[in-house]
Amino acid sequence: MKQINPIFSGIYWLTTLALLVIGVVMVFAYTPTEVTMGPVQKIFYLHMPIAICTFFSCMVVFIASVGYLWQRKAMWDHLAHAAAQVVVIYAAIVLLTGMIWGRAAWGAWWQWTPRLTFSLVLWLLYVVYLVIRPSIESSQRRAMICAVYGVVAFLDVPLVYLSVRLMPDIHPTSIELEPAMRNTLLFWFIPVTMLTVGLITASFRLAKRQAACNVIRELPMPKSKTPRPLGTPLSSGNRGVV
Amino acid sequence: MNSLNYAIGAYVVGLGLIIGYAAWLWLASIAVTKREKRQSGQERR
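These protein sequence lines are chains A and B, in that order. For the first sequence, the numbering used here assigns the number 245 to the initial residue and increments by one for each residue that follows. For the second sequence, the numbering used here assigns the number 18 to the initial residue and increments by one for each residue that follows.
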């Protein structure tokens with residue numbers, strides 16, 4: 245497997261970390277406080293870029309699943325698995341930050357509105373994706389089932405996006421932002437996008453290496469020189485029976 | 018609770034989950050490296 249240059253990798257992660265720290269400083273020191281909601285609105289600069297990158301990761305799962313169904317290459321399955329992990333983490337962040345914001349703004353941790361419900365369903369769909377994977381032993385069968393599931397699970401993404409526009413919901417559709425607020429929001433897209441690409445890449449490479457190790461482990465063992473147990477018939481029908 | 022505390026709490030939770038996942042990936046990567054070394058040693062033998 246082709247190795248990523250560790251110097252490049254180190255620079256990439258350090259830059260991402262530095263941009264995240266700058267982003268946090270911008271949120272709490274540079275960006276003005278919103279008049280109606282107060283300081284709790286500052287959650288928006290994390291909540292929205294992570295939500296957009298959740299959709300991006302869902303798209304990666306979808307494309308990789310279609311890729312597997314088309315080409316039947318294990319690489320696509322590893323990519324879908326990696327992106328699904330990121331979806332679960334990111335969707336959890338979107339739900340938790342949204343709940344904290346909701347507690348401060350609406351006085352309740354949770355409301356069963358279309359946007360929130362479809363977001364919860366999205367998180368659950370990808371949690372199930374990760375849960376069913378280890379339960380299927382055959383790698384080809386697992387990849388096939390997960391690819392079909394990955395395509396079907398993606399159907400929830402347009403529902404999450406459109407629910408707030410098509411159905412009555414307390415979740416805001418758009419927020420008016422001052423120039424300083426807009427700059428902070430745009431800035432946050434840089435580290436979050438870098439983080440998403442970095443995490444999917446790292447997880448993808450790990451999945452490939454783990455699969456390579458498992459292939460070696462599953463290779464047939466050389467013929468043992470231990471004597472055949474007494475009473476075992478000489479017929480070839482018993483070969484390989486455990 | 019102060020509204021600012023909610024905002025700080027949200028950043029702690031969000032960035033904490035990301036850092037936790039990145040740390041898990043890193044540890045898993047170390048474990049795979051060890052396994053690869055062990056397997057390559059077995060193959061040589």
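Cβ coordinates follow ideal geometry from the N, Cα and C atoms, glycine included.
Is residue i near residue j, with beta carbons less than 9 Å apart?
| i | j | result |
| --- | --- | --- |
| residue 253 of chain A | residue 329 of chain A | no |
| residue 291 of chain A | residue 451 of chain A | no |
| residue 363 of chain A | residue 305 of chain A | no |
| residue 349 of chain A | residue 268 of chain A | no |
| residue 391 of chain A | residue 321 of chain A | yes |
| residue 310 of chain A | residue 359 of chain A | no |
| residue 276 of chain A | residue 424 of chain A | yes |
| residue 382 of chain A | residue 458 of chain A | no |
| residue 444 of chain A | residue 327 of chain A | yes |
| residue 271 of chain A | residue 432 of chain A | yes |
Can you grab the Cα-Cα spacing for the pair residue i / residue j, in whole Å?
| i | j | result |
| --- | --- | --- |
| residue 22 of chain B | residue 282 of chain A | 11 Å |
| residue 319 of chain A | residue 56 of chain B | 22 Å |
| residue 41 of chain B | residue 30 of chain B | 16 Å |
| residue 485 of chain A | residue 380 of chain A | Caution is warranted here: a pLDDT of 40 is assigned to residue 485 of chain A, below 50, making its placement in the model unreliable, and no coordinate value can be reported. |
| residue 26 of chain B | residue 19 of chain B | 11 Å |
| residue 36 of chain B | residue 303 of chain A | 23 Å |
| residue 315 of chain A | residue 46 of chain B | 28 Å |
| residue 428 of chain A | residue 266 of chain A | 10 Å |
| residue 354 of chain A | residue 426 of chain A | 27 Å |
| residue 280 of chain A | residue 419 of chain A | 11 Å |
| residue 483 of chain A | residue 313 of chain A | Because the pLDDT of residue 483 of chain A is 44, which lies under 50, any placement of that residue in the model is unreliable, and the number read from its coordinates should be weighed accordingly. So the two alpha carbons sit approximately 35 Å from each other. |
| residue 317 of chain A | residue 377 of chain A | 17 Å |
| residue 375 of chain A | residue 32 of chain B | 24 Å |
| residue 248 of chain A | residue 43 of chain B | 15 Å |
| residue 478 of chain A | residue 399 of chain A | For residue 478 of chain A, the predicted structure reports a pLDDT of 49, less than 50, and the residue's modelled location is therefore unreliable. A value from the coordinates is still provided. Answer to the nearest angstrom: the Cα atoms are 56 Å apart. |
| residue 406 of chain A | residue 58 of chain B | 55 Å |
| residue 251 of chain A | residue 258 of chain A | 10 Å |
Considering Cα atoms alone, identify which of the options is closest to residue i.
| i | options | result |
| --- | --- | --- |
| residue 396 of chain A | A:377, A:355, A:384, A:373 | A:373 |
| residue 421 of chain A | A:339, A:391, A:278 | A:278 |
| residue 338 of chain A | A:436, A:454, A:444 | A:436 |
| residue 439 of chain A | B:34, B:26, B:46, B:20 | B:34 |
| residue 28 of chain B | A:331, A:410, A:352, A:340 | A:340 |
| residue 287 of chain A | B:51, B:43, B:24 | B:24 |
| residue 308 of chain A | A:415, A:387, A:454, A:371 | A:387 |
| residue 455 of chain A | B:50, B:59, B:58 | B:50 |
| residue 357 of chain A | A:334, A:378, A:416 | A:416 |
| residue 401 of chain A | A:377, A:369, A:378 | A:369 |
| residue 335 of chain A | A:366, A:345, A:377 | A:366 |
| residue 289 of chain A | A:342, A:351, A:251 | A:342 |
| residue 414 of chain A | A:346, A:251, A:280 | A:346 |
| residue 361 of chain A | A:385, A:323, A:411 | A:411 |
Assuming residue i contacts residue j under a Cβ cut-off of 8 Å, what Cβ separation, rounded to an integer in Å, is found between them?
| i | j | result |
| --- | --- | --- |
| residue 256 of chain A | residue 442 of chain A | 6 Å |
| residue 53 of chain B | residue 453 of chain A | 7 Å |
I want to check one thing, is the minimum distance from the CB of residue i to the heavy atoms of the ligand SAH below 8 Å?
| i | result |
| --- | --- |
| residue 369 of chain A | The model depicted lacks the ligand SAH and carries no ligand whatsoever. |
Inter-stretch contact at 8 Å, needing at least 3 Cβ pairs: the region 254 to 262 of chain A / the region 296 to 305 of chain A
Under the Cβ criterion (8 Å, minimum of three pairs), the region 254 to 262 of chain A does not count as touching the region 296 to 305 of chain A.
Interfacial residues, the region 18 to 31 of chain B to chain E, with Cβ spacing under 7 Å
Within the model displayed, chain E is absent; protein chains A and B are what it includes.
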